[in-house]
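Encoded as structure tokens, the structure appears first; notes follow it.
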Amino acid sequence: MIQISREEIFELHKNGKISIENRTSLDNYTQLSLAYTPGVAEVCKEIANDPKIYPDYTIAGNTVAIVTDGTAILGLGDLGPKAAMPVMEGKAMLFKAFGGVNAFPILIDTQDVEEIIKTVKLIAPTFGGINLEDIAAPRCFEIERRLIDELDIPVFHDDQHGTAVVTLAGLINALKIVHKNLSDVKIVVNGIGAAGTSITNLLLANGARNIIGCDRSGALSNVREDLNGAKKKYVTRTNPNNESGLLQDVIKNADVFIGVSGPGSLTREMVLTMSKTPVVFAMANPTPEIMPEEIADIGAIIATGRSDYPNQINNVLCFPGLFRGLFDAKARKITVDMLTAAARSISSIVTEEELASGKIIPSVFDKQVALVVAEAVKLVAARQ
Numbered sequence: 000m001i002q003i004s005r006e007e008i009f010e011l012h013k014n015g016k017i018s019i020e021n022r023t024s025l026d027n028y029t030q031l032s033l034a035y036t037p038g039v040a041e042v043c044k045e046i047a048n049d050p051k052i053y054p055d056y057t058i059a060g061n062t063v064a065i066v067t068d069g070t071a072i073l074g075l076g077d078l079g080p081k082a083a084m085p086v087m088e089g090k091a092m093l094f095k096a097f098g099g100v101n102a103f104p105i106l107i108d109t110q111d112v113e114e115i116i117k118t119v120k121l122i123a124p125t126f127g128g129i130n131l132e133d134i135a136a137p138r139c140f141e142i143e144r145r146l147i148d149e150l151d152i153p154v155f156h157d158d159q160h161g162t163a164v165v166t167l168a169g170l171i172n173a174l175k176i177v178h179k180n181l182s183d184v185k186i187v188v189n190g191i192g193a194a195g196t197s198i199t200n201l202l203l204a205n206g207a208r209n210i211i212g213c214d215r216s217g218a219l220s221n222v223r224e225d226l227n228g229a230k231k232k233y234v235t236r237t238n239p240n241n242e243s244g245l246l247q248d249v250i251k252n253a254d255v256f257i258g259v260s261g262p263g264s265l266t267r268e269m270v271l272t273m274s275k276t277p278v279v280f281a282m283a284n285p286t287p288e289i290m291p292e293e294i295a296d297i298g299a300i301i302a303t304g305r306s307d308y309p310n311q312i313n314n315v316l317c318f319p320g321l322f323r324g325l326f327d328a329k330a331r332k333i334t335v336d337m338l339t340a341a342a343r344s345i346s347s348i349v350t351e352e353e354l355a356s357g358k359i360i361p362s363v364f365d366k367q368v369a370l371v372v373a374e375a376v377k378l379v380a381a382r383q
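With numbering that gives the first Met the number 0, the residue at position 48 of the sequence shown is 47, and numbering never jumps.
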């Protein structure tokens, strides 16, 4: 486990983690004339005449807005937009380091759905894409849906789709090890918020047939009378055998547990009731549903969202390469086929020789990941 001190953390964050730098020098009058007046006027007039060239001659063509209201920060909950800034800065660092994409945090100080949508639409001309981040469910679903419909640039909710892509990538390889097919396994998803819903949707789109969602009150089933609209819709696509009860009840004989909930929600005793080769993705951050060492002797495959354990299900494996591919293809929308292509490209990086219980997903520092994801997304975008 990596040991870092509180002092080191605060020292790194002092004065922020990102900055803006010029791409060209300004050392003489010629450079100034090219970058600013009078030269810049030529580009302004050309963009006015032909708006299609706008992304090619401005920062917008390679820049993402990371938008949040601070209501679902990591696993910490609603801490407000200012408390979200360190996460958004970190996200911007990852975009740049792994995908060569400029990204800038946009903190919105309201939880009103219409106000958030209006704000993003008003600032959208500055950017080539929108990355929604740490916005609580179910509001995030409506915000994303509306922005996708009303903007002509890609809109991506990383907590939903980034998590889903990397989860699918890891699960593809985990099931290879335990010799099971996605269409045959029983999967329990604990935590039916933004991430849990999107993971379920992507798994279903790739052939999964038996998924049971659980929240704090237990399994989402037809016998539940307390479900909101989003969860009622979830039930129509899941739990084919209408299993009911608490997590400890429906996890029996499950092949896969996927946790996007909170610490301590899964116990060793529950894992013992799963199939003989249980696959456990305990992805709550910063503390997983169960610590890997608690089930090291009984879990066939164990993954978390943490960098200090093997098999880190980290969204950085997805979003930098995804946006790189979208920008390279000049795509306006993100499709399920693009997400699937991203997931399968990530899983393919782990070779058959490398594949092992402690190696189902590539390292976040593997520089080929973003390149492979970008190419896969670009190919699908071009085809569609």
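Here a beta-carbon is modelled for each residue, glycine too, at the ideal position from N, C-alpha and C. Remember, predicted model here, so these are calculated numbers, not experimental data.
Enumerate in chain order the residues of its own chain whose CB-to-CB distance from P287 is below 8 Å, with the five nearest sequence positions on each side excluded.
G258, P262, A281, T303, G304 and R305
* Asked: Got a sec? Which residues, its chain only, sit under 8 Å from A381 by beta carbon, not counting five neighbours each side?
  -> Result list for A381: A328, in chain order.
Query raised in the report: Which parts of the segment 192 to 265 are runs of the alpha helix (DSSP H), unbroken and 4 residues or longer, counting only runs that do not cross its ends?
Result: 193 to 204, 228 to 234 and 246 to 249
Around the C-beta of T199, are 16 or more other C-beta atoms found within 10 angstroms, so that it is buried, or is it exposed? buried
Using a Cβ-Cβ cutoff of less than 7 Å, which residues in the same chain neighbour M84 once the five nearest sequence positions on both sides are dropped? P104 and L106
Review point. Applying the criterion that 16 or more other CB atoms from any shown protein chain within 10 Å of the CB defines a buried residue, is E6 buried or exposed?
Key: exposed
Sorted by chain position, which residues of the same chain lie with C-beta nearer than 6 Å to G212's C-beta, five sequence neighbours on each side aside? V188, I191, L219, Y233 and T237
**First and last residue of the uninterrupted alpha helix (DSSP H) at V372** = Q367 to R382
- request: Report the option in T196, S197, A193 and L202 whose CA atom is closest to the CA atom of K185.
  value: L202
| task | Give me the Cβ distance between V363 and A341, rounded to the nearest whole Å; I'm assuming they're in contact under 8 Å. | result | Between A341 and V363 the Cβ distance is about 15 Å, and since that is not below 8 Å, they are no contact.
request  = Go to T166, then tell me how far its beta strand (DSSP E) extends in each direction, as first and last residue.
outcome  = Run containing T166: none in the beta strand (DSSP E); it sits in the alpha helix (DSSP H), T162 to I176.
Checklist entry - Are there three or more Cβ pairs, one per stretch, closer than 8 Å when the segment 235 to 251 is compared with the segment 136 to 144? => result Fewer than three pairs of CB atoms, one per stretch, sit closer than 8 Å, so the segment 235 to 251 makes no contact with the segment 136 to 144.
| query | Who are Q311's beta bridge partners in DSSP? | reply | T303
Exercise. Out of V66, E132, V86 and V177, state which residue places its alpha-carbon closest to the alpha-carbon of A123.
Key: V66
For V165 versus E132, is the C-beta spacing smaller than 9 Å?
-> no
- Item | Assigned secondary structure, A82 (DSSP; H/G/I helix, E/B strand, else coil) | helix
Opening and closing residue of the alpha helix (DSSP H) in which L121 lies = V112 to I122
Under 8 Å by Cβ, that's how I've got I384 and R331 pegged, so tell me the actual separation to the nearest angstrom. Here the chain has residues from 0 to 383 only, and residue 384 is not among them.
**Between the CA atoms of L73 and S24 - distance to the nearest angstrom** = Spanning the alpha carbons of S24 and L73 requires a straight line of approximately 39 Å.
Who are the Cβ neighbours of E114 in its own chain at under 8 Å, not counting the five residues just before and after it? I107
ask   = If you draw a straight line from the C-alpha of N284 to the C-alpha of D158, how long is it?
value = If you take the alpha carbons of N284 and D158, they lie about 12 Å apart.
- Alpha carbon of D148 to alpha carbon of H12, nearest angstrom: 37 Å
query = What's the C-alpha gap between D111 and I134?
reply = 11 Å
*Among S260, T266 and M273, nearest to N252 - alpha-carbon criterion*: From the listed residues S260, T266 and M273, the smallest Cα separation to N252 is found for M273.
Thinking just about the alpha-carbon of each residue, which of Q30, G99, A91 and D68 is nearest to the one in N61? G99
- prompt: By how many angstroms is the C-alpha of E45 removed from the C-alpha of V349?
  reply: 47 Å
CA-CA distance, I333 and F326? 11 Å
Query raised in the report: From what residue to what residue does the beta strand (DSSP E) around T339 run?
Result: Where T339 is concerned, there is no enclosing beta strand (DSSP E), although the alpha helix (DSSP H) it sits in stretches over V335 to I348.
What residue does the alpha helix (DSSP H) around G324 start on, and which one ends it? F318 to A328
Q) Roughly how many whole angstroms lie between the Cα atoms of I210 and A194? A) 14 Å
* Can you round the beta-carbon distance between A369 and F97 to whole angstroms, since I take them to be within the 8 Å contact cut? -> 5 Å
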